[in-house]
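Counting from 1 along the sequence shown, just add 164 to a position and that's the residue number in the working numbering. Just so it is clear, CB atoms sit at the ideal spot from N, CA and C, and this is done for glycine as well. To keep things clear, I will list the structure first and then write my remarks on it.
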Amino acid sequence: MIRGMKAPSFMDLALQAAENAGQSGEVPIGCVVVRNQEVIATGANRTLTDHDPTAHAEIVALREAAKKIGSERLVDCDLYVTLEPCTMCAGAISFARVRRLYYGAADPKGGAVESGVRFFASPTCHHVPDVYSGVGESEAARLLKEFFRERR
Ligand SMILES: [Zn+2]
């Protein structure tokens, strides 16, 4: 159990999960869910490993967190993810009633918070988390840049 960590430290754990995912050939995106200053779930991109198009870091972590809490509503939970969530994940974050969303790098190509459909600003979004962007941004962007450079 990790207690008493400040916001940047939780993002460091998400970045570590991202780095591990990158080392196993997945796109390096990582996520943690925090409740009462405690990490209750960690997720990383697993789409290749699981042959699952929905296995984004956020979905993996939300599922684990919900199972741990025993509820589909993650009340009082905060989610830290290294990249701006996509449309699917923004939807899942809303359904899960996540309290605060912290994310690292913006994703103009696939994001749905400040980019694309801006899901939380749409009238069909019924729960909007508090959003903090740019947390650990440079490290998150560096991981992704290096990953795609190596694959070119
Ligand atoms: Zn996603």
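For Val239, no pairing in a beta bridge is given by DSSP.
Distance check between Met175 and each of Glu314, Phe311, Tyr296 and Glu310 places Tyr296 closest, using alpha-carbon atoms only.
Relative to ligand 1, even the nearest heavy atom lies 7 Å or more away from the CB of Cys289. Per the coordinates, the alpha-carbon of Ala182 lies some 20 Å from the alpha-carbon of Arg264. Excluding five sequence positions before and after Glu228, the CB atoms of its chain that fall closer than 6 Å to its own CB belong to Ala205, given in chain order. Those residues that bring their Cβ nearer than 6 Å to a heavy atom of ligand 1 are His220, Glu222, Pro249, Cys250, Met252 and Cys253. DSSP links Glu202 through a beta bridge to Arg199. Close CB contacts of Glu248 within its chain, under the 6 Å cut and outside five residues either way in sequence, are with Tyr267, Ala270, Asp271, Gly275 and Val277 (chain order). If the five residues before and after Asp216 are omitted, its C-beta is found closer than 8 Å to the C-beta atoms of Arg210, all from its own chain and listed in chain order. In the three-state scheme derived from DSSP, where H, G and I count as helix and E and B as strand, Ser302 is classed as helix.
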